[in-house]
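In my numbering, the protein residues as written are 21 to 1185. Data first, discussion second: the structure below is written as structure tokens.
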């Protein structure tokens, strides 16, 4: 038996080696597949689902487990420890450590000891140096294992002097263009110069010492030989004065003193040569049209600042503080970390220049962001909400099955699996890991209960500690090979496409209209992604550069996962907003920016937060901070509580009416669901109102522990009440149908009613008869893209007519729809009258794109045709299209965004017969009340609002359309009293809208009131038109009532500037900004021989030359009369002459669509 075992030992070792090789190969393959899949996820418009991501992660974990098992078997059969623990130099306490703990300790010892010196010589010398460094590292690791950081540092300092290592050397950044590291190439030459300096200094010092010794040596008689040697030496010396010893010594000292300055001068000259090389390469790319004309002119105009910036990036003085000799200026304003590390890796010099120019242009906003970060930290409005969030996470963790073990692991601060310290931030700022000069930055979290201690009593810790813990909690619950394995690993949900969106286009208010899943990180030509350099061609980067927004490292995935953690724990929008502002301030003020990974800017953080319903405007980035406070949250909750209470009362009344009737089984089931939901809404509303009254007096102070818990309970009541509201929305249509004999929602407009995207709706019949719009008379959709492409996403949005809110969702170029609740819709749509149905039970309105969930989908699907008309969905930069599949028909095109409140109307399918228009119901006779309203005058906005906003007037009906009339009344009231034509035009719009509402509303009382409003508006509009016609300001007015010629229209459209040019320019820019993006003005006479345009481009005024279309400066002076034609975004004259309005019905004569940049101005100038 013993012989058999002895013979099988080699075979067992061979098997172990084969198993190890197979496991290593499997691990490499799993990692490669996971990396490739992750690259597809990170790509623009990726549609990879979370299940695929989880499968790849599980495969990688399995491969790691097999590899660990194979490694242990190698040790068991005596083939050595692959971690290095079998080194005979190791003391016992190190060799017995678990492999991960041993490797982490050795890595830390290497950091404390410093990087090894470079040894040039024979292989034996290199090997001896490596063995010596290994022994020194082991000695430092043994000290660290004992827990004595100071002793380990003292030992490392002694060994560093002996070995020539560089202690605590921070890695610098780099400027890499097309694979060429300009920083390394510069420093190679600079170090050669430095080494030459050291050699020359050594020779000069030796010469100085020798000459001083000779001068101080005792004088002796000279021999014949020395005199002969001196004689021959004198014959070979150059002609010149003979120096005595003192003069020669002084000359050598002067040469030693001047030599460093000479070398520094040569280094600066070489740095200037590198910058000039960049400029020459950039000019070559400009000639190759990789850099456009505008960018080239901007580069030349700001060349000096760009050169200084390039010099700093090439030198890369990471961690330096104070005056920098090579750069000849002070760098590193941060008192602890000095100069930031900045890595730039691009493929072209054009992209390098774009990044540098964008960074310089954003300098004022970078300074403003620092001030904003200081506000966040000092004002204290964020911290109470952070306390609420941390308390919420603590409560959530305690309720998990492994909650006690998680909290114990957090308190211990190390992984239960292998003893690895937890948390990147807490580990970095641990006092034992900081150099002596930074020990004042050490966190005390580890000594006060770790992350668990902060969760238990967040108010006892400062702002910085809270943000570090929130960051490290994300790592604790996230499954990743980068983070230690914990009891919470994998509990955080997978990343979703909705959470990864980045803004690529905005409206006039700076709100997102289009988005993409591209984070904006630079992708190099070899396919790798550099996390600390922006992709200058990514739409999100282009937008940020245009608005001069500071960007650096791409939209933050770290912030996104921190927000996911908050949402997973049940946090409200207010808590997530506080976390977003907090992590921005932490990164800006406290992050060690000498690290390899760059911090994220305000935009790179808050733009991600907008995916979690946090308000954010790109044109007013600080605006949202004012709403992040306990007081603001209480105000919002109070409003929602009032709405919940009112709706619970109204729906409860309907439920009680049906309770005593015989109803169908379906209605009975709906009543069973509604009854508890109504009670929940009422209870939530009452608790919120009571809690708000309790907390409001202390809302501006620091909340105590009980206050935090009370506030969290209020937020939970709000969530519970809103969840019950969704139940009511789901079942209330069934009750309404039973009450009214049909669907109560039939005939209502979801947009006008203010319904959210995804709300439940009951469809009774298809809608027909919508009008066609000229711009939608298209027979084909956008051309299909060739080859395999990555889906890009845009934001589809429409404002509600009665509120400042809007509904939105993401639409992909390949037809994927992503709703705000995370629902993803793909595949074809079915035509349903003027609307479209999806097989997952959703309806898309064909007039304004609103999407809702069909509550009676099963019943509706049963009555649909067997072969319905199918449509595919796609989108381009400006529109969403529904294209017929396999059949002729018109394409329905919906703009992705609109700047007006009029209802969009889809293109009707060819051959479809519209339904008969409903007969108008005769208006009832006016009552005494209506007569009194006629006398009072409903054109007074306040009086009209009083008559139409009584909730009891229409039961459960929304007042949205009446609110729209209220808006039109306010617009009418803002027009100057003597501008009769404009007032008549506004009243015509008001009368048209009021008449439409009065003939469709089922509320007779309100119909009479709105009908009276329409009559009053029409009568007063007629009076204003008569007054406008009677006005005769000049002889040309005789032609104003008839058609005008083009030259006459142009003459009336021109506005003559009255004041100084600079004042008129400022007045014009304000006028265009108020008109909105797309407004423009043609200015005549300000520039000799040319015309200039002032244009509102995305909320910023740009001046352009008519002849070249190049950007120019605003006019400062003028020699003659200056006139301008000022047009709004619809090409209508702003503040038009009344004769233009009267010349054509609807004011068409005041519209000049042909006046565009570069257009033919033959009849204009």
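Ideal Cβ placement from N, Cα and C applies to all residues, glycine included.
Among the options, nearest to residue i - alpha-carbon criterion
| i | options | result |
| --- | --- | --- |
| residue 118 | 83, 438, 349 and 42 | 438 |
| residue 787 | 867, 481, 132 and 313 | 867 |
| residue 491 | 516, 443 and 869 | 443 |
| residue 198 | 211, 305 and 231 | 305 |
| residue 6 | 1139, 1146 and 1104 | The chain is shown only over 21 to 1185; residue 6 falls outside these bounds and no answer can be derived. |
| residue 169 | 132, 1125, 179 and 200 | 132 |
| residue 1151 | 594, 1111, 1127 and 1095 | 1095 |
| residue 597 | 567, 570, 588 and 636 | 636 |
| residue 527 | 1093, 1132 and 738 | 1093 |
| residue 1107 | 1127, 1100, 1088 and 374 | 1127 |
| residue 889 | 910, 874, 873 and 870 | 910 |
| residue 316 | 350, 369 and 292 | 369 |
| residue 501 | 452, 553, 440 and 224 | 440 |
| residue 906 | 914, 891, 895 and 898 | 891 |
| residue 373 | 350, 327 and 358 | 327 |
Cα-Cα separation, residue i to residue j
| i | j | result |
| --- | --- | --- |
| residue 462 | residue 428 | 22 Å |
| residue 1171 | residue 1155 | 12 Å |
| residue 396 | residue 620 | 16 Å |
| residue 88 | residue 156 | 29 Å |
| residue 664 | residue 735 | 14 Å |
| residue 813 | residue 536 | 5 Å |
| residue 1097 | residue 1149 | 7 Å |
| residue 821 | residue 533 | 17 Å |
| residue 36 | residue 448 | 39 Å |
| residue 847 | residue 835 | 7 Å |
| residue 902 | residue 1112 | 41 Å |
| residue 565 | residue 378 | 6 Å |
| residue 702 | residue 655 | 18 Å |
| residue 1014 | residue 849 | 35 Å |
| residue 738 | residue 404 | 19 Å |
| residue 201 | residue 1077 | 56 Å |
| residue 878 | residue 667 | 28 Å |
| residue 800 | residue 818 | The predicted position of residue 800 is uncertain, since its pLDDT is 47 and thus under 50; a value taken from the coordinates is nonetheless stated next. Approximately 24 Å between the Cα atoms of the pair. |
| residue 1103 | residue 1144 | 4 Å |
| residue 9 | residue 329 | Nothing can be reported for residue 9, as the shown portion of the chain is limited to 21 through 1185. |
Endpoints, the alpha helix (DSSP H) within which residue i is located
| i | result |
| --- | --- |
| residue 4 | No information on residue 4 is available, as it lies outside the stretch 21 to 1185 that the chain covers here. |
| residue 378 | 369-381 |
| residue 852 | From DSSP, residue 852 is part of no alpha helix (DSSP H) but of the beta strand (DSSP E) over 849-852. |
| residue 1174 | Where residue 1174 is concerned, there is no enclosing alpha helix (DSSP H), given that its DSSP letter is neither H nor E. |
| residue 333 | 323-335 |
| residue 704 | 685-715 |
| residue 115 | 112-115 |
Start-to-end residues for the beta strand (DSSP E) that takes in residue i
| i | result |
| --- | --- |
| residue 915 | 912-915 |
| residue 534 | 532-536 |
| residue 449 | Here residue 449 belongs to no beta strand (DSSP E), and DSSP marks it neither H nor E. |
| residue 365 | 364-366 |
| residue 862 | 862-864 |
Nearest-angstrom Cβ-Cβ length linking residue i and residue j, presumed shorter than 8 Å
| i | j | result |
| --- | --- | --- |
| residue 487 | residue 602 | 5 Å |
| residue 815 | residue 828 | 5 Å |
| residue 412 | residue 591 | 6 Å |
| residue 747 | residue 839 | With 8 Å as the limit, residue 747 and residue 839 do not qualify as a contact, their Cβ atoms being about 19 Å apart. |
| residue 408 | residue 728 | 5 Å |
| residue 1004 | residue 1041 | 5 Å |
| residue 341 | residue 352 | 4 Å |
| residue 281 | residue 234 | Not quite, the Cβ-Cβ distance comes to about 28 Å (not below 8 Å), so this is no contact. |
Beta-ladder partner(s) of residue i, from DSSP
| i | result |
| --- | --- |
| residue 901 | 894 and 913 |
| residue 1100 | 1115 and 1147 |
| residue 830 | 815 and 838 |
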